[in-house]
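Some notes on the structure that comes next.
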Amino acid sequence: MGRNSSLQLIVCFYVLHLLTWLRVQRCHCLVPQRSIMSIGGVLDLVSLMGKQQQIGMEIAVQEFNNHLGFPKMDLKIKDSHGNSAQVIASVMDLSQSNQGLAIIGTITHNEANLASEFSDTIKNIPILSLTSSAVRPELLSPRLPHFIQVGNDINIHMQCIAAIVGEFKWKKVTIIYELNNGFSSDPGLLLSLSYSLRHVGSEIENHLAFPSLSTLSDPKTTIENELNKLKKKSNRVFLIVHSSLEIASMVCEKAKQIGLMEKGSVWIIPDEVAGLLDAVNSSVILNMQGIVGFKTHFIETSEAFTKFKFKFQRRFALEYPEEDNIHPSIFALQAYDATWAIVDAANKSSQSKFSLEQFSENILSSNFDRLSGKTLSKNGQLLQPPSFNIINVIGKSYREMAFWAPTIGFSKNIVNHKIMEINLNNDSSEVFRTIYWPGGLQLVPKGHNNEEKSLKIAIPSNGAFTQFVNVTYDQSKNETSITGFSISVFEAAVKHLPYDLHYNFVPFSGSYDEMVDQVYNKTWDAAVGDTSIVAYRYHLVDFSQPYVESGLHMVVTEQPAKSKEAWMFLDAFTKEMWLTMAAMHIFVGVVIWLIEREENADLRGFGSILWFLVTVLFYAHREPIRRPLARTVLAPWLIAIFIVTNSFIASLTSITIAQVKPSVLNIQTLKERNSPVGCDGNSFIVKHLTEALKFKPENIRKINSMSDYLAAFENKDIEAAFFVAPHAKVFLAKYSCMGLIKAGNTFRLGGFGFVFPKGSSLAADISEALLNMIESGETEQLEKNMLNEIENGNKVNCSSLESNKGKSNSSIGLQPFLVLFSICSTFAIIGFLYHMVCLLVKNVETLTSQIVVTLTQLWRIWRWTTKYFSRCCSKLQSKMMRRVSSCTEIRSAEENVTSNSQHSPVMVEFVDIVLAAHAS
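Quick note, the sequence shown lines up with residues -29 to -1, 1 to 891 if you use mature numbering (1 follows the signal peptide of the UniProt record, and there is no 0).
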C-alpha cells in the first residue's frame, strides 16, 4: 500500500511538470520573440575592482532583461589582466560584433585611440571609460566622437592629495604610482600634481614608479628593493597617487616590514585603494594602520542602494566564493550606472529609427536613479565634480574624518552632497578629528627622518663688521664661537619653522661672491651672514626674504656751516637764564621808578618806566637819574647788562658758525675731484662702484676692518666711505662722535638675506619665518640690541669728545652770571628798603596827627554807645519790677478766694508757673 502511494505521487509530479511545460510553450507561441543586443565589457578580472565592476554590470543587465517588453541584452566581458595590449585587443574584438551597442570598461582614451588606428569600426560604437582620466574634452581625438568619460577626473584626485598635504604643511613629499591605465603615458598628470603641491607650498622630492603587477615576475622583491632605496632618503611623506589595490597592499606590507610605517611617517592612499577598503580582508587593513586616504562620497542610505547591495552580495558570493568581505564600492556603482545608461538608451532608440548620434545623446540623458550620484554632461564629462570622504585607517576598519570638494575645500559634514559647515580658517585642528598616524602617533608627523644629516651652512669669517658675524676661537676650551646679529636672526627664524632643522655653521674665509658661488655649486647647503641681495647673484641662488632693509650710504667728515634757523638766537641762553634776566631787569626798573618818581617828572608815569626799561638795555635812555640812591642801584645793573649782552653775542656767534655740514655733498663731487674712496674689499660694493656709479678702480681703497676706516679718514687716505645701510648704522653708532656723518643720496638695494641653492624649499620656509619675525618686531628688537651694545661700549671712548662738542654748542645757563645777578639784586633790595625807611621818617608828623584824630573819633563813638546801652537797661529793669509786683498782688487775692476750694493745689501750682514765666 505504501509503494502504491509513492508511485502515485511520482506520477502526479511528472504530470504537473508536463502541464507546466506545455503552458510555457503556449505562452512563447503567443509572445513574439525578443531581439538580442549585446554590450561589451573590458575589465581586469584579476583585480578586486574589476570583479566588482563585473558584478555591477551583470546586475544591471539582469534587471533590464527581467522586463519582457524590452529587447534582450547580452553582456560579453573580456579580461584584460591589467595589460594595455590586452585592452586594445579586446576593444577591437568587441567592436566587430554586429549586435554590439557599446563597450564599457577600464579603457583609457589613448588605448581606445590606438585601437581605432587598427579598426575603423571603433569610431562607430560608443565607449564608456570607467577609468580616472585627465583628458579634456577639447583634446579628445576626432576618431573617437563617442568616447564618454564616466570615471572621475584624476586632476581632482591630485588636488585632493595636495589639499591634504597643504592642510598639514608638509614641504616635501615622495610620490609612488603604478605605470598602468595610461598614468605613465600622460605626463600632464604629474605636472598637475606638482602644480597643486606648489600651490600649497610643497614640492615633490622623490619619485617611485612600479610597473603593472602583471609584468612583474617577483613583485614583492621588486617593491622591497625600491622601498629600501626610499628608506635611505630623509623624506617620510609618501603619497600613493595612483595604484591598484593589489600593488598598494604589497607596498604597505613591505613598508611595514622594513620600518617605513613607524612613527614620523605619513602615508596617503588614493580613491582606487581607499574606495575598496570595505571589501578587503583583515591582513590588508592591519598593514595600513595609520594611513590617511580619500574615497568618493556616495549615499549609502537610499532604498535603491540597499536593494543593489543585497543583489550584489548574493551574486558576488556565488561567483567569487574565495573573497571574504563583500561590499559594493563606488566602482561597482559606476559600472552599474554606465550599463543602465546604455540599456536605457537602447530601449529609447528601439522605439524609433536607430541613429548612432541619437543613441549617444540618449546615453548622456538617461533618466534613472543613479547609485553613484553622477550625471554626465553633453561633452561626456561629469556634470558635477565629486566630493571625497577623508578616512583614517585604524583598528579593523577606518574612520571618516572630514569631507573635501574641489570648490570649497574641507568641511565637517555633507548632507545630500551639500557642504553644511565650511572651514574658513584652513586649520586642520578645526576640521579633522584626532588622527592616528603610523606607529600610533597622534601628533602630526613632521614628515622627515630625524636622523638626516645636518646642513652645512657657510658663514663669512673675515667680514669687516663683526657685529653681524663674529667668529672667535677659544684655545683653552678648543671651541669656535659664532655670534652676531645675522646669526641671531637665523637661529630665531629656525625656531619658527614647523619642523626641526639640523645644521652646522662652517666659517668661510673667501669673499661674499665666492661664498655665493659655492652655494650655487652645492658645496654648501646654505650661507648665513650679512649677504646683500643683488641682481647678478639672484640668477645663481635663491635668497630668503630680506631680514633688514639696505641701501648704499656715503659717509664723510663733518664741515661747519652757517645755520639759518629763525629762532636760533634764543639758543644763546637757556630758558632759566632768559627768565632770571627778565625778572631782574623788571625788578631793578621798578625800584628806580619808586625812588625817582617824586622828584623826577620824567619817570612819574607807568609808560615812562616801561620805556626806560627798554632804552637802558642799549644805554640810550634820556631820562636823567637825579637821586644818588637810584644811581647806586642802576650802576651794577648797567655793568651786568654789558656783560650779558657781550656773552649773548659771543654765544650766538658760536652757535651760528658751529652748525656742521658734510665735507662732500654728493658722489659727483668725488668723481670730479678724483677723490679716493673706501669700501669693504670682500663685498659687492667694489663692483657696484666701478660698474654702476662709474668710479675709477684706482680711486677705490679696499678696507678690511671697521677700525681701518677711521684711520683712513684721519690720514686723509680717503675722503668718503661707502657702506650698505646696516653697516652704516653700526659704523656711525661707533664713530659718530669722531666727526663723521652720512651725506648724499641713498642708493636703494635689496637688503640682507640668507643664501640657498636654486629650488630649495628651505628658502621659502625661512622667508615665511622671517616675515613673522619682522611683523612681530622681533628682528627690529635684535637690531636695537646690537646698536645699543655698540653705543654703550663706545660711550667711554666718546665721552670727552661729546662733552667738548656739547660745551661748544650748548646754550649759556644761569651759573656763570649767578654772582653778578646776586650783587645787582642785593643793591636793588637795599635801595628799596632804604627808600621805604626814608619815606616813613619824612612823613612821621602827618601820620601821628592822623592817628590822634582817628583815636579821638573812636573814643567818642565808644562813649555814646555805652550811655545808650545803660539807658536801655534801666528802662527794661523798671518794667520788669512793675510786672512782678502786679503778679504778686493777683496771687495773694486768689489765695484768699480759693482757700476753701478742693482744687486749690492745682491753681497754686498754675499761678507759680505764671509768675516764674513773668520773672524770667
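Note that the Cβ used here is the ideal one computed from N, Cα and C, for glycine as well.
Count the other CB atoms, across all protein chains shown, that sit within 10 Å of the CB of residue i; report buried if there are 16 or more and exposed otherwise.
i      : result
R842   : exposed
Y706   : buried
V(-15) : A caution first: V(-15) carries a pLDDT of 48, below 50, which makes its placement in the model too unreliable to give a value.
T837   : exposed
D189   : exposed
D445   : exposed
V212   : buried
L811   : exposed
M555   : buried
C844   : exposed
P787   : exposed
I610   : exposed
C(-1)  : Reliability of the predicted coordinates at C(-1) is poor, the pLDDT of 38 falling under 50, and the value obtained from them is presented with this limitation in mind. Exposed: under 16 other Cβ atoms inside 10 Å.
E217   : buried
G802   : buried
E82    : buried
G122   : buried
Whole angstroms are fine: how far does the CA of residue j sit from the CA of residue i?
i    : j    : result
F302 : Q24  : 6 Å
M677 : I620 : 42 Å
P377 : K266 : 14 Å
A663 : I783 : 49 Å
N296 : V251 : 6 Å
R719 : N686 : 30 Å
T817 : P599 : 26 Å
L541 : P607 : 25 Å
L565 : T827 : 34 Å
F35  : S343 : 18 Å
F613 : F544 : 15 Å
F230 : L179 : Reading the sequence as shown, one finds Gly at residue 230 and not Phe. Answer to the nearest angstrom: the Cα atoms are 17 Å apart.
N743 : G172 : 16 Å
E290 : E29  : 11 Å
Y509 : L523 : 18 Å
M129 : S165 : 9 Å
V13  : Q120 : 15 Å
S336 : Q305 : 16 Å
C809 : L623 : 44 Å
L184 : G53  : 8 Å
G649 : P517 : 25 Å
S482 : I240 : 49 Å
F461 : L636 : 37 Å
V512 : F727 : 6 Å
F792 : L785 : 9 Å
D488 : F655 : 13 Å
P431 : E174 : 30 Å
H268 : S214 : 19 Å
With DSSP as the reference, identify every bridge partner of residue i, one or two as the case may be.
i           : result
H419        : N206
N369        : Per the sequence shown, residue 369 should be read as Tyr rather than Asn. Beta-bridge pairing links Y369 to V364.
Q120        : S100
Y148        : A180 and H213
V648        : I671 and A691
L46         : I10
E529        : P633
D445        : E450
T502        : G724
H524        : F694
D513        : F727
A714        : M525
residue 976 : Residue 976 falls outside the range modelled here, since the chain spans only -29 to 891, and no answer is possible.
Give me the Cβ distance between residue i and residue j, rounded to the nearest whole Å; I'm assuming they're in contact under 8 Å.
i           : j    : result
E233        : G410 : 5 Å
I26         : F276 : Wrong, their Cβ atoms sit about 14 Å apart, outside the cutoff.
residue 913 : I406 : No answer is possible for residue 913: it lies beyond the span of the chain, which begins at -29 and ends at 891.
L753        : F436 : Incorrect: roughly 15 Å between the Cβ atoms, too far for contact.
F287        : Y307 : F287 to Y307, Cβ: 13 Å. No contact.
H80         : F118 : 6 Å
S90         : S66  : 6 Å
I75         : L101 : 7 Å
Worksheet item: Could you give the uninterrupted runs of the alpha helix (DSSP H) lying entirely in the segment 261 to 287, keeping only those of 4 residues or more?
Response: For the segment 261 to 287, not one full-length alpha helix (DSSP H) segment reaches 4 residues or more.
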